[in-house]
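There are 4 protein chains.
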Amino acid sequence: MKKLNIGIIGYGFMGRAHSNAYRKVNHFFDLKYQPILKAVCARNADNAKAFAEKWGYASVETDWRKLIERDDVDLIDICTPNNTHAEIAIAAARAGKMILCEKPLALNAEEAEKMVAAVEKAKVANMVWYNYRRCPAVVLAKQLIDEGKLGRIFHYRAKFLQDWTISPDLPQGGAALWRLDVKAAGSGVTGDLLAHCIDTAMWLNGSIDSVSAMTETFIKERKHQLTGKVEKVGIDDACAFLARFSNGSLATFESTRYARGHKALYTFEINGEHASIFWDLHDLHRLQYFDHRDEGRVRGWRNIHVSDGDQPYMKNWWVPGLQIGYEHSFVHQVADFLAGLADGKPARPDFKDGLATDYATDAVLKSARTGQWEKVKKAK
Amino acid sequence: MKKLNIGIIGYGFMGRAHSNAYRKVNHFFDLKYQPILKAVCARNADNAKAFAEKWGYASVETDWRKLIERDDVDLIDICTPNNTHAEIAIAAARAGKMILCEKPLALNAEEAEKMVAAVEKAKVANMVWYNYRRCPAVVLAKQLIDEGKLGRIFHYRAKFLQDWTISPDLPQGGAALWRLDVKAAGSGVTGDLLAHCIDTAMWLNGSIDSVSAMTETFIKERKHQLTGKVEKVGIDDACAFLARFSNGSLATFESTRYARGHKALYTFEINGEHASIFWDLHDLHRLQYFDHRDEGRVRGWRNIHVSDGDQPYMKNWWVPGLQIGYEHSFVHQVADFLAGLADGKPARPDFKDGLATDYATDAVLKSARTGQWEKVKKAK
Amino acid sequence: MKKLNIGIIGYGFMGRAHSNAYRKVNHFFDLKYQPILKAVCARNADNAKAFAEKWGYASVETDWRKLIERDDVDLIDICTPNNTHAEIAIAAARAGKMILCEKPLALNAEEAEKMVAAVEKAKVANMVWYNYRRCPAVVLAKQLIDEGKLGRIFHYRAKFLQDWTISPDLPQGGAALWRLDVKAAGSGVTGDLLAHCIDTAMWLNGSIDSVSAMTETFIKERKHQLTGKVEKVGIDDACAFLARFSNGSLATFESTRYARGHKALYTFEINGEHASIFWDLHDLHRLQYFDHRDEGRVRGWRNIHVSDGDQPYMKNWWVPGLQIGYEHSFVHQVADFLAGLADGKPARPDFKDGLATDYATDAVLKSARTGQWEKVKKAK
Amino acid sequence: MKKLNIGIIGYGFMGRAHSNAYRKVNHFFDLKYQPILKAVCARNADNAKAFAEKWGYASVETDWRKLIERDDVDLIDICTPNNTHAEIAIAAARAGKMILCEKPLALNAEEAEKMVAAVEKAKVANMVWYNYRRCPAVVLAKQLIDEGKLGRIFHYRAKFLQDWTISPDLPQGGAALWRLDVKAAGSGVTGDLLAHCIDTAMWLNGSIDSVSAMTETFIKERKHQLTGKVEKVGIDDACAFLARFSNGSLATFESTRYARGHKALYTFEINGEHASIFWDLHDLHRLQYFDHRDEGRVRGWRNIHVSDGDQPYMKNWWVPGLQIGYEHSFVHQVADFLAGLADGKPARPDFKDGLATDYATDAVLKSARTGQWEKVKKAK
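Chains as they are written, first to last, in our numbering: chain A, 1 to 380; chain B, 381 to 760; chain C, 761 to 1140; chain D, 1141 to 1520.
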């Protein structure tokens, strides 16, 4: 088994999710590579040490530039706020490191284009952590679409609804709340949540041609956690857009953090000529499937409990009926990345796929400003 | 169109449900008979008159014996408490009237046997109002079973859960609450609710061989609404039983009026070798169906919205997606009864079927007393 | 009880639904008026006679102008294709008749304005059959919103999904398929289905300020059933739009007849500061309600079975747990109309409300053509 | 952090589930103990080595007696077939080892009593792997009951339905199929699945007084995988029983491996005077809760997504809306066991609790033989 030395930057929520994946992957998947937790990097040395101890990282760095220079690190995992992705990734590529970068790839497509150029020039393995592609039910959806089970696609609709920022007392900025700070996050729900929806959608349904969007910031001012001052909120609290896909299908997308009753309700539905599919992150182990070719009297949405050995990834886990959870999507992503390294067929979404999503989110934000339909640039 | 003159006895909940069915049936079904609301009979003349006016009954009687003697009445519909069914039905049969009798057929099988003898001797059309056989989804279940789609049956389970008698302040007896008075009702949930479950079960899955039951009366004493005195409660508040069907399948049955959160949750599930079925009165327009012959990856319970023209009775109503409700089961029962009259193939459940259910409920109540498995007598 | 003489024009699907409502309403509601089925009008005399016989209409007309002139008719019920509403309604108003008109009120707002002017000038009672306002669960939603239980509203989303026109072999035009013929229908899903969504939405959430829409016709040509020729399809098969309400909330609306697996899936969801609501026509007897004020550990979407006596309209029907269906919404609408006549508080939606919806659908269709956000005109 | 050296016997499904728990627990819980994977024991040395390598066990044994003698092992984890539990556990207790034993504790209560005596004499920490007690939703149910939120309990019902042994071609016995071999398993669904239901039930609702049961073996003969011969099937394929709890509530329990459409459908429902609870293993991250004290109009079953920080165990995992899965119940059980070691409050279910469940399953199997109600012995 080959060792793959991981250097991770950031120890927040995603730092934990990725670390768990690295630690578990070889217990459940037969792979030629084994991730080795070499180093964790964070500005605060104490926090970094505590994290290293908890997860078994062999060392600690407080400057990501030093981490990148280390010879004993093969792969840089970027788990920091969005506004730092480009600089780190470009430097890591130049240093010849593989890169796994949290989503969205960058603050905007302009940055992302440079990141793509950097990894292509350096010829280093690269991937973006759009983890929902690896939920077994979502992969099953992909299989069914690719097999033509749905026929011509008429409609795609996706939502990502949350309700955690409704209180006006919630501050913006700082460690846990950088997603509310436009400087760190670049945008609000568009880059954070709709980026997931768009990545899945383009994977399942092909490229998006054009969009018409609206955004809203419901709470206009919030105290900034670092400065202590009440400041204008720069992010979008909610965003919805209409879209036309290249295959002729129509779509609606919506995301908000103001939908009472929904914690992380990412759903998508695809309506094809012959069949339809629905998925919901709140019950991520299920897929709803309707097949019009079923006999008329007993036609209905099939509620599929995706936990059998013939369903994606599931033979590696438990037995039928026993569900897996959120964290497993990251384990699958690492497993696929490592398998891709071994067999020379790189796993995706890579940086280029991440750029395609950034083109889409840029067009969405532009349309929200102009009030016009905007074309979505295609990644070459 | 032939006229069929109806004389109804009782104007309570069931009086309304039946009257509505008589009034609607010819608007939605093409039939050779038309029910004519000739007379309503009740001891209280004022109430009877008000009911007659509301529903369009042409006349009023206060003595059911007079109603039975009327030449202008073809059919007697018995909507009175259980303890009056036998006497009325036997007299009506002797008078040569067709009889539609509310369920359960009688207080016990002994009475019911006499009623069967009376209608057989008189050769009059007869039916028991086990209306749930006429929910479209239940009929669809019957079709699937009869076509062999389920294969060998292993399991049957039925429940009828309510929660309306939990308060100890609820009195027993009197007009609206005769179901709590053992003298009027004969038993509690067993005759009222389990009788429905048993009727459906034997229709779908054949006869029951033996049962082991338990009953309980949670509130031991209640004020009697007529006497004003606190009296011992004689009915069973809850009853559960195990059963073995003649076809070798195992069953569990349960009913209670002490299941918080359930208003009228009649459910049944049947597990066969190849397929399973589930139905629920709270969403009576749906049938859940699982077919193991579906391809493994996309196998799941199909949630069937029973509202299409190729599903039982539905071509007579609206268009796909538009649901019908509880009252329609009575309309269907009248439609089938009238069609049976016309074509000489009597609709069921007839009194003999009602007797079979009374044999079962008698065995259940006996088992609850003896603590033994008891055989269920078969109707000849 | 006062008699109200009904003259109905058209005997199709809606003719049945309305006739059923007139026949049932006095059995279940205590009212000061009773509808009398005086006459049905249709061009085909045989069909009209058959319908009259089935439903008990006392007479038949083949020319709606004659019907309108009859002194023994108090109310004209318009159940004909959309392109005939204006002419009939304006004439009926001039003749001093009350008018109940099927939705949408007219082919466009221009026509609808004239209809409003006509009924206002004639001071005749008028109503539009947006029946979904009368589903008990929808009325319950209205109550909760009006009581302030949701607080500030952030989001509204509505969909009306069907799948019955996917086959390219389906012809357009003629008796049953006039909804596919742009001349008779005016538009496709926008006027037929989104009009329902918009009517409910403005009732629940106030007026709409502006919209951005897209439409699509997936099957470009169909045989016309009357001419036998393959002709261009003029209607919209699908329409989706973004909207901003006057109260600051954002909305998405979508309708299509190309969503495999959905027969008549009209759903809406409203997200407020404190609570959210979801409703679904496929289970119209249920309301989903989430209240953030519930204790955190046991907070969840409440699945409310709207069948109790303290829920809208339900004390008039059966007992808790026993559901009603689609047709009951029409019974409720007639009941409310008759009650409004009696107490001088006219039931709504009246023609002015219908005009408001036509302003919205006009703006939607215009936006789909221009690719711009369009303002929605407000009814004065 | 103290090290706790684990010696595990068996490397099958449960060997994996436990090993995963030992590996993960310290990443997610702050504990004073850390499990160290010291040795895995299995008769087949190659398989044991492969397992050790996969999971990081430091050594391998092929004789469990040797494992028990090792000074560097603190805790014996028994993951072998049921017929070996007693001998191993008694020997391990005598050797002074802590013991975690897979369920059911023993083949029967007679064996289990000896195991209890052994651990009590040796004063060693002990626990039985009834893991479903540690699903967050189940713990939440326990909290609500203990807080009195349900009031007086009227009903308990539990089912554990599977469908994996319907094929008559499935052999019995051997590595993967020892659960079908009565010699290894002791019984069929009663010891395997109903034992889980009973353990949870007695934890939530107190002791069971008496039971009336039936069992069935649908496929009477199967080929034995080891001998190759067709042999009589000794296990129960299905078992259902009625029960009376000491608190006066009534119960139904059922388990089968012949319920088409159900992979591992463990459900329970509890109906109390004020509130009811429902849980389902197929969506183990959800709890259904009905509270009759909610305002009447908006009363409904609350569908609780148990993923918030104030719900049991969940602050240790991800963020609201992101679900955990089956394996996490084992992590929680290890966490609680280790916390119990540290603070001197032993986690449960301990062997005595396991004995209580064996008393119940013994009574169930006896009742199925005698056809009588049987008393359930109480653990002292």
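From the three backbone atoms N, C-alpha and C, an ideal C-beta is built for every residue, glycine too.
Roughly how many whole angstroms lie between the Cα atoms of residue i and residue j?
| i | j | result |
| --- | --- | --- |
| B/Leu487 | D/Val1474 | 57 Å |
| D/Phe1381 | D/Ile1348 | 12 Å |
| B/Tyr413 | B/Thr597 | 46 Å |
| C/Arg783 | C/Thr844 | 26 Å |
| D/Pro1311 | A/Gly344 | 42 Å |
| B/Gly528 | D/Ile1359 | 20 Å |
| D/Ala1479 | D/Arg1488 | 12 Å |
| D/Asn1411 | B/Cys459 | 32 Å |
| A/Cys135 | A/Asp283 | 11 Å |
| A/Trp318 | A/Ala122 | 40 Å |
Which two residues bound the contiguous alpha helix (DSSP H) that contains residue i?
| i | result |
| --- | --- |
| D/Glu1363 | First, the residue type needs correcting, since residue 1363 of chain D is Lys and not Glu in the sequence shown. Careful: D/Lys1363 lies outside any alpha helix (DSSP H), inside the beta strand (DSSP E) at 1361-1363. |
| A/Cys197 | 195-205 |
| A/Ile145 | 136-146 |
| D/Ile1230 | 1225-1234 |
| B/Gln703 | Per DSSP, B/Gln703 belongs to no alpha helix (DSSP H) and is neither H nor E. |
Just to make sure I have the definition right: I need the residues of chain A whose C-beta is within less than 8 Å of the C-beta of residue i. Which are they?
| i | result |
| --- | --- |
| D/Lys1194 | Asn26, His27 |
Name, please, each residue of chain D whose Cβ falls closer than 8 Å to the Cβ of residue i.
| i | result |
| --- | --- |
| C/Asp1070 | Gly1436, Arg1437 |
Taking the beta carbon of residue i as the centre, do at least 16 other beta carbons fall within 10 Å, making it buried, or is it exposed?
| i | result |
| --- | --- |
| C/Ser1218 | Residue coverage of chain C in this structure runs from 761 to 1140, which leaves residue 1218 of chain C outside it and unanswerable. |
| A/Val25 | buried |
| B/Pro484 | buried |
| B/Asn424 | exposed |
| B/Val610 | exposed |
| D/Ala1316 | exposed |
| C/Asp832 | exposed |
| D/Met1354 | buried |
| D/Ser1307 | exposed |
| B/Ala432 | buried |
Please list, in chain order, the chain D residues whose beta carbon lies closer than 9 Å to that of residue i.
| i | result |
| --- | --- |
| B/Gly568 | By Cβ distance, chain D contributes nothing, its closest Cβ being about 13 Å from B/Gly568, past 9 Å. |
Under DSSP, the beta strand (DSSP E) around residue i begins and ends at which residues?
| i | result |
| --- | --- |
| A/Ser212 | 208-216 |
| C/Gln794 | 793-801 |
| A/Gly272 | 265-272 |
| A/Glu61 | 59-61 |
| B/Trp659 | 655-660 |
Using a C-beta to C-beta distance shorter than 7 Å, which residues of chain D count as neighbours of residue i?
| i | result |
| --- | --- |
| B/Ile546 | Glu1413 |
Compute the minimum distance between the beta carbon of residue i and the heavy atoms of the ligand PLP, and state whether it is under 7 Å.
| i | result |
| --- | --- |
| D/Cys1379 | By its list of ligands, the structure shown contains no ligand whatsoever, and the ligand PLP lies outside what it can speak to. |
What does residue i reach in chain C if we use C-beta pairs closer than 7 Å?
| i | result |
| --- | --- |
| A/Leu177 | In chain order: nothing, as chain C lies at least about 20 Å away. |
Which bits of chain C does residue i rub up against, with CB to CB less than 9 Å?
| i | result |
| --- | --- |
| A/Gly173 | Neighbours of A/Gly173 on chain C: none; closest Cβ ~23 Å, over 9 Å. |
| Using a beta-carbon distance cut-off of less than 9 Å, what residues from the region 1437-1448 of chain D approach chain C? | Result list: Arg1437, Val1438, Arg1439, Gly1440, Trp1441, Arg1442, Asn1443, Ile1444, His1445, Val1446, Asp1448.
| If contact means a Cβ-Cβ distance below 9 Å, which residues of the region 1273-1301 of chain D contact chain C? | Those residues of the region 1273-1301 of chain D that come within reach of chain C (Cβ to Cβ, closer than 9 Å) are Leu1280, Gln1283, Leu1284, Lys1289.
| request: With 7 Å as the C-beta to C-beta threshold (strictly closer), list the residues of the region 1392-1404 of chain D near chain B in chain order. | output: Residues passing the 7 Å Cβ filter: Thr1392, Glu1394, Thr1396, Tyr1398, Ala1399, Arg1400, Gly1401.
| task | Output, in sequence order along the chain, the residues in the region 1145-1162 of chain D whose CB is closer than 9 Å to any CB in chain A. | result | Within the region 1145-1162 of chain D, the residues whose Cβ lies closer than 9 Å to some Cβ of chain A are Phe1153, Arg1156, Ala1157, Ser1159, Asn1160, listed in chain order.
| Positions along the region 1074-1105 of chain C whose CB lies within less than 9 Å of some CB in chain B | Result list: Trp1077, Trp1078, Val1079, Pro1080, Gly1081, Leu1082, Gln1083, Ile1084, Gly1085, Tyr1086, Glu1087, His1088.
| Residues within the region 642-671 of chain B neighbouring chain A, beta-carbon criterion of under 7 Å | Under the 7 Å Cβ criterion, the region 642-671 of chain B contributes Tyr669.
| field | Residues from the region 1339-1369 of chain D in contact with chain B, defined by Cβ distance under 7 Å | value | Taking 7 Å as the Cβ-Cβ cut-off against chain B, the residues of the region 1339-1369 of chain D that qualify are Ser1352, Met1354, Glu1356, Phe1358.
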